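Residue numbers (the numbering used here): 5 to 192.
Here is the structure we will look at.
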């Protein structure tokens with residue numbers, strides 16, 4: 005039997021991690037809570053909090069059909085907040101980092117849609133795997149730049165008006181790509 009199982013994990017500014025840990029949660033509209041930040045803060049950091057999030061990417065063959073799955077995740081055991089800084093403004097800023105990760109997960113689904121749920125032979129002969137890998141890589145790199153721009157333009161959430169603009173823009177984009185929310189569709 006053929007085996008096609010490829011899994012990629014990427015995390016923001018941190019080495020690769022594993023999915024499936026009890027401290028790893030998927031994105032949801034319910035949002036993050038300070039209780040989700042479980043690790044001891046990095047004393048060398050100049051920041052008040054750190055959201056460890058990423059996107060997993062998996063291709064697998066089932067019943068002669070190749071499926072492609074992207075999942076945004078948050079790792080509680082790698083995320084931290086500085087004591088005395090637990091406030092709604094900072095949490096909203098950190099939540100938007102996770103929202104941006106989910107946005108790029110949906111963008112990956114949209115871009116990879118022509119290559120998903122394909123017959124195994126077609127998937128291999130047409131080299132769709134290479135195309136999907138490139139989509140993942142390109143959009144993940146774009147996401148990194150967007151996260152950096154977000155922090156710069158909002159001064160890590162300190163400029164209220166810029167934070168509001170970013171929140172509105174990201175939420176609009178998430179809404180525009182709602183059909184790629186795997187929690188509300190049968191993408192998988």
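Cβ coordinates follow ideal geometry from the N, Cα and C atoms, glycine included.
It should be emphasised that the depicted structure is a prediction, and the values quoted were computed from it without experimental measurement.
Buried or exposed: residue 173, going by 16 or more other Cβ atoms within 10 Å of its Cβ?
In the chain shown, the residue the question calls residue 173 occupies position 169. Flag for residue 173 reads exposed.
Secondary structure at residue 124, three-state DSSP: helix, strand or coil?
Sequence index remark: in the chain shown, residue 124 carries index 120 (1-based). Reduced to three states, the DSSP call for residue 124 is helix.
In terms of alpha-carbon separation, which member of 48, 63 and 117 lies closest to residue 181?
In the chain shown, counting from the first residue as 1, residue 181 sits at position 177. Selected option, being the one with the closest Cα: 117.
Cβ of residue 112 within 8 Å of Cβ of residue 74?
Counting from one through the chain shown, the residue named residue 112 turns up at place 108. Counting from one through the chain shown, the residue named residue 74 turns up at place 70. Yes, Cβ-Cβ distance for residue 112 and residue 74 is below 8 Å.
If you follow the alpha helix (DSSP H) that residue 92 is part of, which residue opens it and which one closes it?
As a working note, residue 92 is residue 88 in the chain shown. In the DSSP annotation of this structure, the continuous segment of the alpha helix (DSSP H) that includes residue 92 starts and ends at 92-116.
Determine contact between the segment 94-107 and the segment 55-64, defined as no fewer than three beta-carbon pairs at a distance below 8 Å.
By the Cβ test, the segment 94-107 is in contact with the segment 55-64, since at least three Cβ pairs between them sit closer than 8 Å.
Return the first residue and the last residue of the beta strand (DSSP E) that residue 77 is part of.
As a first step, residue 77 is located in the chain shown; it is residue number 73 there, counting from the start. Element bounds for residue 77: 69-79.
Taking the beta strand (DSSP E) that residue 26 belongs to, which residues open and close that run?
Numbered from 1 along the chain shown, position 22 holds the residue referred to as residue 26. No residue range can be given for residue 26, since it is assigned to no beta strand (DSSP E) and is classified by DSSP as neither H nor E.
Count the other CB atoms within 10 Å of the CB of residue 63; is the residue buried (16 or more) or exposed (fewer)?
Locating residue 63 in the chain shown gives position 59, where the first residue counts as 1. By the Cβ-count criterion, residue 63 is buried, with 16 or more other Cβ atoms from all chains shown falling within 10 Å of its own Cβ.
Same chain only: Cβ atoms within 7 Å of residue 136, ignoring 5 sequence neighbours per side:
For the purposes of this step, residue 136 is taken as residue 132 along the chain shown, with counting starting at 1. Once the five neighbours on either side are set aside, the close Cβ partners of residue 136 are 63, 72, 116 and 119.
Just how far apart, CA to CA, sit residue 82 and residue 130?
Numbered from its first residue, the chain shown carries residue 82 at position 78. Numbered from its first residue, the chain shown carries residue 130 at position 126. In a straight line, the C-alpha of residue 82 is about 39 Å away from that of residue 130.
Just the Cα atoms here: how many angstroms apart are residue 178 and residue 88?
For the purposes of this step, residue 178 is taken as the residue at position 174 of the chain shown. For the purposes of this step, residue 88 is taken as the residue at position 84 of the chain shown. Taking the CA atoms as reference points, residue 178 sits about 31 Å from residue 88.
By how many angstroms is the C-alpha of residue 185 removed from the C-alpha of residue 50?
Residue mapping note: residue 50 aligns to position 46 of the chain shown, counting from 1. Residue mapping note: residue 185 aligns to position 181 of the chain shown, counting from 1. Residue 50 and residue 185: Cα-Cα distance of roughly 34 Å.
Backbone secondary structure at residue 129 - three-state DSSP:
Here residue 129 corresponds to residue number 125 of the chain shown, with the count starting at 1. Helix, per DSSP.
Would you mind sorting residue 164 into buried or exposed? The rule is 16 or more other CB atoms within 10 Å of its CB.
Reading the chain shown from its first residue, position 160 is the one you call residue 164. Exposed, since its Cβ has fewer than 16 Cβ neighbours within 10 Å.
So, with DSSP's three-state summary, where would you put residue 173?
In the chain shown, counting from the first residue as 1, residue 173 sits at position 169. If DSSP states are grouped into helix, strand and coil, residue 173 belongs with the helices.
Bridge partner(s) assigned by DSSP for residue 32:
Walking along the chain shown from the start, residue 32 turns up at place 28. DSSP, once it has assigned bridges, lists no residue as partnering residue 32.
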